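A quick write-up on the structure given underneath.
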Amino acid sequence: MNFQYLLQLGDNALILSQRLGEWCGHGPVLEQDIAMTNIALDLLGQARMLLTYAGELEGQGKSEDDLAYFRDAHQFHSALLVEQPNTDWAFTIVRQFFFDVFNFYNYSALLQSRDERLAAIAEKSLKEVTYHLRYSSEWVVRLGDGTETSHQKMQTALDELWMFTGELTTPSEVDRLMAEAGIAPDLLKIKPLWDAKVSAVLEEATLKKPENDWMQSGGKTGRHTEHLGYILAEMQHLQRTYPGNEW
Amino acid sequence: MKDWPLWEVFIRSKQGLSHKHVGSLHAADAQMAIENARDVYTRRNEGVSIWVVASAHIHASTEDTEAFFDPANDKVYRHPTFYDLPDAVKHM
Chain A
1 MNFQYLLQLG DNALILSQRL GEWCGHGPVL EQDIAMTNIA LDLLGQARML
51 LTYAGELEGQ GKSEDDLAYF RDAHQFHSAL LVEQPNTDWA FTIVRQFFFD
101 VFNFYNYSAL LQSRDERLAA IAEKSLKEVT YHLRYSSEWV VRLGDGTETS
151 HQKMQTALDE LWMFTGELTT PSEVDRLMAE AGIAPDLLKI KPLWDAKVSA
201 VLEEATLKKP ENDWMQSGGK TGRHTEHLGY ILAEMQHLQR TYPGNEW
Chain B
248 MKDWPLWEVF IRSKQGLSHK HVGSLHAADA QMAIENARDV YTRRNEGVSI
298 WVVASAHIHA STEDTEAFFD PANDKVYRHP TFYDLPDAVK HM
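So the sequences go chain by chain: A and B. For the first sequence, the numbering used here begins at 1 and goes up steadily by one. For the second sequence, the numbering used here begins at 248 and goes up steadily by one.
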């Protein structure tokens with residue numbers, strides 16, 4: 001098992017959870033406010049399991065909280081997609097959908113991981129992620145195949161977030177190592193599954209898949225967009241100001 | 248969202264025998280209503296089965312309650328209370 005690999009998974013969940021938490025109290029309708037924050041909580045739970053494991057593996061006595069609150073942006077290994085701003089409901093749903101498709105297939109494959117603890121985390125998480133995928137897919141269809149306004153907003157979100165999707169299924173050096181060790185799936189095998197599911201849903205949503213396939217990358221190795229700094233400032237400043245502070 | 252119909256939500260708990268009314272919500276269609284009900288009304292493991300019914304399809308008695316239900320009040324012969332149960336019959 002590899003420390004950075006666990007951080008890749010855990011940081012994805014943590015940062016996306018933090019982004020979704022920004023919707024709390026600001027959802028367009030009560031039920032969707034609750035749905036969004038439920039998803040945020042599910043992801044936070046996954047982050048906790050993964051970061052706890054990472055802390056133990058690192059062997060420097062760090063807890064999940066130490067890893068969440070005291071690392072700097074360049075030490076986070078989350079994909080660039082999850083730090084993109086909420087912007088509006090369309091962006092939030094599209095970002096969620098792209099991530100959920102990956103998360104679903106990735107966790108499904110991790111059920112077979114040689115690392116038993118990771119397989120157990122995957123089994124528990126998959127139940128939640130199956131629902132996330134259902135939720136975001138249906139919203140993509142409702143909004144894509146909705147009114148002219150919703151369709152336009154969805155297409156804009158889709159066009160702008162597309163370049164962050166490639167990184168999800170592009171193996172980093174660590175992904176390759178883990179795949180060879182039988183701990184993680186070969187991301188190149190996940191990619192066609194991701195493509196097929198995304199194509200199917202976009203078609204049903206009458207949305208056009210962007211043709212430009214140049215992809216951004218860097219998140220997995222700690223090179224982030226300007227957004228992560230602000231997210232961490234908000235998330236970490238309390239613990240950094242009063243270290244060890246508890247409710 | 249102004250056009251979204253109102254739905255009444257009924258949940259049956261794991262140990263329960265019948266669905267109980269727990270509240271209502273707005274949703275665009277039945278599928279969304281069920282998911283919203285799952286998100287809003289089963290956060291604390293309240294149930295294993297959800298029914299959603301468009302509020303427009305629920306018809307309730309509105310007439311003067313007294314007169315509508317009164318005739319049943321003085322027909323004691325409708326109640327099963329005039330015979331002795333043998334001891335061997337434990338649950339009735």
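All residues carry an ideal CB built from backbone N, CA and C; glycine is no exception. Note that this is a predicted model, so its numbers are computed, not measured.
Delimiting residues of the beta strand (DSSP E) encompassing lysine 267 of chain B: 267-273
CB contact flag (serine 78 of chain A, isoleucine 183 of chain A, <8 Å): no
C-alpha gap between valine 143 of chain A and leucine 228 of chain A, whole angstroms: At residue 143 of chain A the sequence reads leucine, which differs from the valine that was named. About 28 Å.
Below-8 Å beta-carbon distance, tyrosine 135 of chain A vs any chain B residue: yes
Chain B residues whose Cβ lies nearer than 9 Å to that of glutamate 138 of chain A: Gln278, Met279, Glu282
Integer-rounded CB distance, given that aspartate 195 of chain A should sit under 8 Å from leucine 187 of chain A: Rounded, the Cβ-Cβ distance is 12 Å, inconsistent with contact.
Chain B contacts made by the stretch 30-58 of chain A, where a contact means CB separation under 7 Å: Glu31, Ile34, Ala35, Asn38
Check: isoleucine 258 of chain B C-beta below 7 Å from any heavy atom of the ligand PLP: Ligands in the displayed structure: none, and consequently the ligand PLP is not present.
Beta-carbon gap between leucine 43 of chain A and alanine 90 of chain A smaller than 8 Å: no
Whole-angstrom distance between methionine 154 of chain A and leucine 64 of chain A, CA atom to CA atom: Before going on, a small fix: residue 64 of chain A reads as glutamate here, not leucine. Taking the straight line from one Cα to the other gives about 36 Å.
Contact with chain A by histidine 273 of chain B, beta-carbon distance below 8 Å: yes
Segment contact, 8 Å Cβ cut-off, at least three pairs: the stretch 214-224 of chain A with the stretch 40-57 of chain A: no
Chain A within 8 Å of aspartate 286 of chain B, Cβ atoms only: yes
is_contact[arginine 142 of chain A, chain B] using C-beta, thresh 8 Å: yes
Local conformation of valine 336 of chain B per DSSP, three classes: coil
Under the three-state DSSP convention, the category tryptophan 298 of chain B falls into: strand
For valine 256 of chain B and glutamine 236 of chain A, the rounded distance between their alpha carbons: 40 Å
Close beta carbons around aspartate 66 of chain A, own chain, < 7 Å, minus the five adjacent residues each side: Gly55
Selection from A:Glu203, A:Gly166, A:Lys189 that minimises the alpha carbon distance to alanine 109 of chain A: A:Lys189
C-alpha distance - alanine 319 of chain B paired with methionine 36 of chain A, whole-angstrom precision: 50 Å
The alpha helix (DSSP H) enclosing tryptophan 254 of chain B, as first and last residue numbers: Run containing tryptophan 254 of chain B: none in the alpha helix (DSSP H); it sits in the beta strand (DSSP E), 253-259.
Three-state class that DSSP yields for histidine 74 of chain A in the structure shown: helix
Three or more C-beta pairs below 8 Å linking the stretch 192-212 of chain A and the stretch 124-143 of chain A: yes
With 16 other Cβ atoms within 10 Å as the buried cut-off, status of phenylalanine 104 of chain A: buried
Nearest-angstrom Cβ-Cβ length linking glycine 21 of chain A and alanine 47 of chain A, presumed shorter than 8 Å: Glycine 21 of chain A to alanine 47 of chain A, Cβ: 12 Å. No contact.
Per-residue burial, asparagine 106 of chain A [other beta carbons within 10 Å of its own, 16 or more giving buried]: buried
Leucine 111 of chain A versus isoleucine 121 of chain A: straight-line alpha-carbon distance, rounded: 9 Å
Start and end residues, alpha helix (DSSP H) containing aspartate 159 of chain A: 148-161
First and last residue of the uninterrupted alpha helix (DSSP H) at phenylalanine 164 of chain A: Neither: phenylalanine 164 of chain A is in no alpha helix (DSSP H) and is coded neither H nor E.
Beta-carbon proximity list for isoleucine 34 of chain A, same chain, < 8 Å, skipping 5 on both sides: Gly27
Supposed contact pair methionine 1 of chain A and aspartate 88 of chain A - C-beta distance, whole angstroms, cut 8 Å: Going by Cβ atoms, the distance from aspartate 88 of chain A to methionine 1 of chain A rounds to 39 Å, so no, they are not a contact pair.
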